[in-house]
Amino acid sequence: MKADHDILIRISPDQGKVTVEEDDNGVLSRKSIDKDSLLECFRNSIFQEHEGMFSGFLPLNTISVFQSNLGKQFTLWYPKLYADVSLYDTPYSHFPIPRLVFRFSLSNEGKVSDCRIGVVEDETPTPETVMYHYPFSNVSRGSGHLCVGANTLPVYKKQHKAFHLPAFLLSIPNNMHSFSKSNNKLELDYREFMEHLKGKDPAYYYSDILIPSGMTLGKFIRL
Numbered sequence: 115m116k117a118d119h120d121i122l123i124r125i126s127p128d129q130g131k132v133t134v135e136e137d138d139n140g141v142l143s144r145k146s147i148d149k150d151s152l153l154e155c156f157r158n159s160i161f162q163e164h165e166g167m168f169s170g171f172l173p174l175n176t177i178s179v180f181q182s183n184l185g186k187q188f189t190l191w192y193p194k195l196y197a198d199v200s201l202y203d204t205p206y207s208h209f210p211i212p213r214l215v216f217r218f219s220l221s222n223e224g225k226v227s228d229c230r231i232g233v234v235e236d237e238t239p240t241p242e243t244v245m246y247h248y249p250f251s252n253v254s255r256g257s258g259h260l261c262v263g264a265n266t267l268p269v270y271k272k273q274h275k276a277f278h279l280p281a282f283l284l285s286i287p288n289n290m291h292s293f294s295k296s297n298n299k300l301e302l303d304y305r306e307f308m309e310h311l312k313g314k315d316p317a318y319y320y321s322d323i324l325i326p327s328g329m330t331l332g333k334f335i336r337l
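Using the numbering used here, the letters of the sequence shown correspond one by one to residues 115 to 337.
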């Protein structure tokens, strides 16, 4: 502002009045304004620069990412409908699976933790996408939390490399932990369930196996 152009604001608390006096080269003007107009004037005069933050190169098929001071939380949509899995020592190569999403945390040091697996409708994912109970084992009903047992989780110094994590988690041998036949429509025991699904088309899950959990993908991401 020029030195010969002054603005004086007078506030009278008892009367609730705000008077603005302006001296422009000796020409004096005066007007009354309300307090809301004064506050708005102050807000508009404050310049705030909101710095953005570059996410870095994200893991392939990331549908959601949450960042904190400690690291990031990713949710990945898994594009494959077949996986090499095992039940105890019995391998099941190229085994059909339903459409899955994986949620996990990655620390600033690249350490993986809090892994969760969810079953979703086989469609383009949205926050409203329907979810189903996980029909296999090692995953807690409701939370989707994966028990990895004594297995050591990988470290990803470069976060985009974490797209390998879903395949690694699926390769962990399954046991009876957290398995329930109430999570499949046919109420099959685990061994019978695996033998029954072997060789089936992945679409069979949606017609004959999966049970809706009442969860949506949007809620799962925020668990």
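By construction, the Cβ of each residue, glycine as well, lies at the ideal position given by its N, Cα and C atoms.
Query raised in the report: Which ranges would you report for the beta strand (DSSP E) in the stretch 185-226 if only whole runs of at least 3 residues count?
Result: Runs found: 185-191, 196-201, 204-210, 214-221.
Query raised in the report: Taking only runs of the alpha helix (DSSP H) that begin and end inside the stretch 243-305, which ones reach a length of at least 4 residues, in chain order?
Result: You should have 279-285.
Query raised in the report: Is residue 178 helix, strand or coil when you go by DSSP?
Result: Numbered from 1 along the sequence shown, position 64 holds the residue referred to as residue 178. Strand, per DSSP.
Report task. Quick one: residues in its chain with C-beta nearer than 6 Å to the C-beta of residue 141, no 5 flanking neighbours on either side, listed in chain order? Result -> Here residue 141 is taken as the residue at index 27 of the sequence shown, counted from 1. Here the set comprises nothing.
Query - Enclosing alpha helix (DSSP H) for residue 147 [first to last residue] - result: Here residue 147 corresponds to residue number 33 of the sequence shown, with the count starting at 1. Where residue 147 is concerned, there is no enclosing alpha helix (DSSP H), although the beta strand (DSSP E) it sits in stretches over 141-147.
Query raised in the report: What is the DSSP secondary structure of residue 329, counted as helix, strand or coil?
Result: If you number the sequence shown from 1, residue 329 lands on position 215. Residue 329: strand per DSSP, three-state reduction.
Query raised in the report: So residue 133 is in the beta strand (DSSP E); what residue range does that whole segment cover?
Result: Stepping through the sequence shown from its first residue, residue 133 is reached at position 19. Element bounds for residue 133: 131-138.
Report task. Could you have a look at residue 126 and say whether DSSP puts it in helix, strand or coil? Result -> Against the sequence shown, residue 126 aligns to sequence position 12. The answer is strand: DSSP assigns residue 126 an E or B state.
Requested in this report: Rounded to whole angstroms, what's the CA-CA distance from residue 134 to residue 154? Just pull it up for me.
Outcome: As a first step, residue 134 must be located in the sequence shown, where it is residue number 20. As a first step, residue 154 must be located in the sequence shown, where it is residue number 40. C-alpha of residue 134 to C-alpha of residue 154: approximately 14 Å in a straight line.
Query - Proximity of residue 297 and residue 239 at Cβ, strictly below 8 Å - result: Locating residue 297 in the sequence shown gives position 183, counting from the first residue. Locating residue 239 in the sequence shown gives position 125, counting from the first residue. Result no, Cβ atoms of residue 297 and residue 239 do not sit closer than 8 Å.
Requested in this report: Taking the CB atoms as reference points, tell me whether residue 284 and residue 199 lie closer together than 8 Å.
Outcome: Here residue 284 refers to the residue found at position 170 when the sequence shown is read from its first residue. Here residue 199 refers to the residue found at position 85 when the sequence shown is read from its first residue. Note that the C-beta distance between residue 284 and residue 199 is below 8 Å.
Query raised in the report: Thinking just about the alpha-carbon of each residue, which of 242, 213, 294, 274 is nearest to the one in residue 253?
Result: Mapped onto the sequence shown, residue 253 falls at position 139. Answer by Cα proximity: 294.
Query raised in the report: CB residue 299 to CB residue 210, shorter than 8 Å?
Result: Taking the first residue of the sequence shown as 1, we reach residue 299 at position 185. Taking the first residue of the sequence shown as 1, we reach residue 210 at position 96. For residue 299 and residue 210, no; Cβs fall outside 8 Å.
Query raised in the report: Excluding the five sequence neighbours on either side, which residues of its own chain have a C-beta within less than 7 Å of the C-beta of residue 282, listed in chain order?
Result: Translated into positions along the sequence shown, residue 282 becomes position 168. For residue 282, where only same-chain residues beyond five positions count, the Cβ hits under 7 Å are 268.
**Report entry** Burial state of residue 144, where buried means 16 or more other Cβ atoms lie within 10 Å
**Finding:** Locating residue 144 in the sequence shown gives position 30, counting from the first residue. It counts as exposed.
Query raised in the report: Does the Cβ of residue 335 have 16 or more other Cβ atoms within 10 Å, making it buried, or fewer, making it exposed?
Result: For this step, residue 335 is matched to residue 221 along the sequence shown. In summary, residue 335 is buried, with 16 or more beta-carbon neighbours lying within 10 Å of its beta-carbon over all protein chains present.
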